[in-house]
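Worksheet: one structure, shown below.
There are 2 protein chains.
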Amino acid sequence: MPDSPIRKLVPLANKAKEMGRKVYHLNIGQPDLPTPQRALDAIRSIDRKILEYSPSEGVLSFRQKLAKYYHKFKIDVDVEDIIVTAGGSEAVTFAFMSCLDPGDEIIVPEPAYANYEAFAIVAGAVIKSIPAKIEEGFALPSIEEFEKLITPKTKGFMICNPNNPTGYLYTQSEMNEIRDLVKKYDLYLFSDEVYREFCYTGAPYISAFHLEGIEQNVILIDSVSKRYSECGIRVGALITKNKEVRRNVMKFCQARLSPPLIGQIAAEASLEETETYLMDSYNEYVERRKFLIDGLNRIDGVYSPIPMGAFYTVARLPVDDSDKFCAWLLEEFQYENETIFLAPATGFYTTPGYGKDEVRIAYVLKKKELGKALKILEEALKVYPGRKYRNHE
Amino acid sequence: MPDSPIRKLVPLANKAKEMGRKVYHLNIGQPDLPTPQRALDAIRSIDRKILEYSPSEGVLSFRQKLAKYYHKFKIDVDVEDIIVTAGGSEAVTFAFMSCLDPGDEIIVPEPAYANYEAFAIVAGAVIKSIPAKIEEGFALPSIEEFEKLITPKTKGFMICNPNNPTGYLYTQSEMNEIRDLVKKYDLYLFSDEVYREFCYTGAPYISAFHLEGIEQNVILIDSVSKRYSECGIRVGALITKNKEVRRNVMKFCQARLSPPLIGQIAAEASLEETETYLMDSYNEYVERRKFLIDGLNRIDGVYSPIPMGAFYTVARLPVDDSDKFCAWLLEEFQYENETIFLAPATGFYTTPGYGKDEVRIAYVLKKKELGKALKILEEALKVYPGRKYRNHE
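For the protein sequence lines, the chains are A and B, in the order given.
In this text, residue positions in the first sequence follow my numbering: the first is 1044, and each later residue adds one.
In this text, residue positions in the second sequence follow my numbering: the first is 1044, and each later residue adds one.
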């Protein structure tokens, strides 16, 4: 399995911290927002004597509340369609292992969440990708491009909507194009929708389950990590109306016995949190988004499209090589004894050469800290030896 | 992936319960003993505001305490040798995926924990097994038998010690034979030692790490599930001194981001539990073991060797087919409106025909309940249509 560019930087960040340098982490999707109070209270008031296995498919009452939660988004699923997993990661892994045979291919628009490739490798499957372009705001590449990739080995199409890393939100017409392709070739549509609460443009969030005629093809990937700031509890879900797929997924679930019990208790309580909680998170991200994107585009040579959802943006920097630049930030640079940890975008592309002048920035810090991070970036670009000068598009 | 015989029975058990029948679960390794009070207290006093990702390799303070815990068993490992996983299941899965290529073979004495096969399938690897015999108390088959199985594709040897499902405890000379084989062919030795606290004969527990000259070959699998009655928290560990293996394992760990945070908090607190806790568990299992095994061997036609560790036994029953018998117990039989759920031993063998007249029984219930279960078994065998009569060995 290949090493991701971001992971190679972790030791450099640790070294910088050991030297007493403050490092702003814009590299990971770990929100700084509080976990819902109800979740924390639920954990603190556990009165069990034994922390026993939960059912392999997840705790029934949690699954029932999840079904109701999806109904609010007009995702018409039953309790039995929902299988609880150890985070979205396990959901993707089990989806791939259940639906794909070694050598099978999945088509993915990129930049894409880097671990999809790791999970595909686990399943012995191969990711074929078409790069979206920053100049087009990372809109879905033309569907004809995808169609050209289809071979007899193509078994699925994977999207992340709202998108990590770009923050792109697929439009109705793009989703319809994906649906038509999925239908025409009878593919699985793996749809990672863990950021559904975070859509900022007033445009509707379109779930893969809203698309008509492919109900048996959709495998929805979900997680409570991002929406409730509960990354550590490892609770996600795989949702599908396809019985055969569920039967296969359950075999993997049974082999690993059980998803985390206490995490499910926290997640179930979170579903009963007031609307205010998610509204507060939403408002916070809306403000940060504006602050960050405006700030980025004010820096000479930097360009960021406006992300429409999630809490990331992929920005273009005037640098020779984003891997080198991100390493340099941690190893060589400091501004008032502080620096920033950015994710080189090369890790989100499989197409060679792509992402070389792009980074992913997560706005999971408070505005004040984002402001400092922007200042550091600006100062860094002034002195970075690999700076490129060119027309600002 | 094949369906396990035990899983096929779960719907029958549920149906029996729906009919108002009491079902004694002797089929699973879910102890009824309480979780340590310190673990429950640690969870109840969590004062974090955010349930954030833990490091991919696990929380440092937990790993430090684990290292000290292993030292008590003369397992000489450093903190960096320990990688925390989501239960022993994930540890086995990551071990296989990191050490084995598709088509590679692992040698396993059987009967063996059924999910090893599932995890091998995930890694694309193949399990080759040699059956141990109930007449020999499930001692390790002759090492020459194993050696005959070795091909250029053989990459590892997997043991579970103390053993699930048989309760067998490998002797020093058996462990030395395994060591010699591992050394001679430079194999990995995957050693599942989650039951190390439960050795009942005064004979020493011999860890794979106690074997000299194969320090780089050993991958130890551990879990807190059984020793602290914490199956639901999903915390285990993979321990190896082999840097290259750890590097590979860490890639899988990073892809799934993080093991469960709250589980690690509970497990860390458990390591500080007084010796009394484990002594009480031990004494309880010793008593149950005697009670169950004596009771089994008193039933006409039933034979159980004396398990030396863990909390299972594999017993031979005078029946035509243990899959049929176990299904019949749940579907057709009742004694005073109660019945028992046993695990057909066929699921623990891959060699065809083996386990047909054997069942695994877990002594995870109180003596009073075990007594009722024994009575039910005795009555059931009197009327089971597929009863076989033969000499009692």
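Don't be surprised by glycine CBs; every beta carbon is placed ideally from N, CA and C.
As the structure is a prediction and not an experimental result, all values here were calculated from the model.
For the options A:Q1259, A:Y1328, A:R1239, the alpha carbon positioned closest to that of A:P1074 is the one of A:Y1328. Of the residues A:K1286, A:E1316, A:C1203, the one whose Cα lies closest to the Cα of A:D1124 is A:K1286. Chain A places no beta carbon closer than 8 Å to that of B:P1048, leaving this residue out of the contacts. Between A:A1312 and chain B, the shortest Cβ-Cβ separation is not below 8 Å. Listed along chain A are Q1297, A1298, R1299, L1300, each with a C-beta nearer than 9 Å to that of B:N1158. For A:K1198, the enclosing beta strand (DSSP E) starts and ends at 1197-1203. Within chain B, no C-beta atom comes less than 7 Å from the C-beta of A:V1402; the nearest is roughly 19 Å away. For B:A1134, DSSP assigns no beta-bridge partner whatsoever. Look at the beta carbons and you see the segment 1344-1364 of chain A not touching the segment 1312-1323 of chain A: under three pairs across the two are nearer than 8 Å. Membership of A:S1234 in the beta strand (DSSP E) is indicated by the continuous run 1231-1235. Segment contact: the segment 1163-1176 of chain B against the segment 1145-1152 of chain B, three or more CB-CB distances shorter than 8 Å; contact assigned.
Within the DSSP bridge table, the entry for A:F1384 names A:H1068 as partners. With fewer than 16 other Cβ atoms inside 10 Å of its own Cβ, A:M1322 counts as exposed. With a contact defined as Cβ atoms closer than 8 Å, B:A1280 and B:A1129 miss out at about 10 Å.
A straight-line Cα-Cα distance of about 7 Å links B:I1249 and B:Q1215. Taking 3 residues as the minimum length, the beta strand (DSSP E) runs contained wholly in the segment 1347-1412 of chain B are 1355-1359, 1381-1384, 1401-1405, in order along the chain. With contact defined as three or more Cβ pairs closer than 8 Å, the segment 1255-1269 of chain A and the segment 1089-1108 of chain A are not in contact. Per DSSP, A:T1128 lies in no alpha helix (DSSP H); the unbroken beta strand (DSSP E) holding it starts and ends at 1125-1128.
Annotation: B:I1221 to B:S1324 spans about 30 Å, alpha carbon to alpha carbon.
Look at B:A1309: its C-beta is under 8 Å from a C-beta on chain A. Residue-level contact check: A:C1274 touches chain B, since one or more beta carbons of chain B fall below 8 Å from its beta carbon. At a cut-off of 8 Å between beta-carbon atoms, B:M1062 makes no contact with chain A. If you check the CB distance, A:S1301 and A:R1081 do not come in under 8 Å. A:D1046 is not a Cβ neighbour of B:K1399, given a cutoff of 8 Å. For A:V1329, no beta strand (DSSP E) segment is defined; the enclosing uninterrupted segment is the alpha helix (DSSP H) at 1318-1341. Around the Cβ of A:E1160, a 10 Å sphere holds 16 or more other Cβ atoms; the residue is buried. The alpha-carbon of B:F1162 is positioned some 35 Å away from that of B:G1338.
Close CB contacts of B:G1131 within its chain, under the 6 Å cut and outside five residues either way in sequence, are with V1237, I1264, S1266, G1279 (chain order). B:A1423 sits in a helix when the DSSP states are folded into three classes.
By the 16-neighbour rule on beta-carbons within 10 angstroms, A:S1185 is exposed.
Taking each of A:K1415, A:Y1346, A:I1308, A:R1359 in turn and checking the Cα distance to A:P1079, the smallest one comes out for A:I1308. Shown here is that no member of the segment 1394-1424 of chain A has a Cβ falling below 8 Å from a Cβ of chain B. In the three-state DSSP reduction, B:V1169 falls in the strand class (E or B). Put simply, the CB of A:Q1107 is far from chain B, with every gap to its CB atoms at 8 Å or more. At a cut-off of 8 Å between beta carbons, B:Q1073 contacts chain A. Using a C-beta cut-off of 8 Å, the segment 1359-1369 of chain B makes contact with the segment 1418-1428 of chain B, since at least three inter-stretch Cβ pairs fall below that distance.
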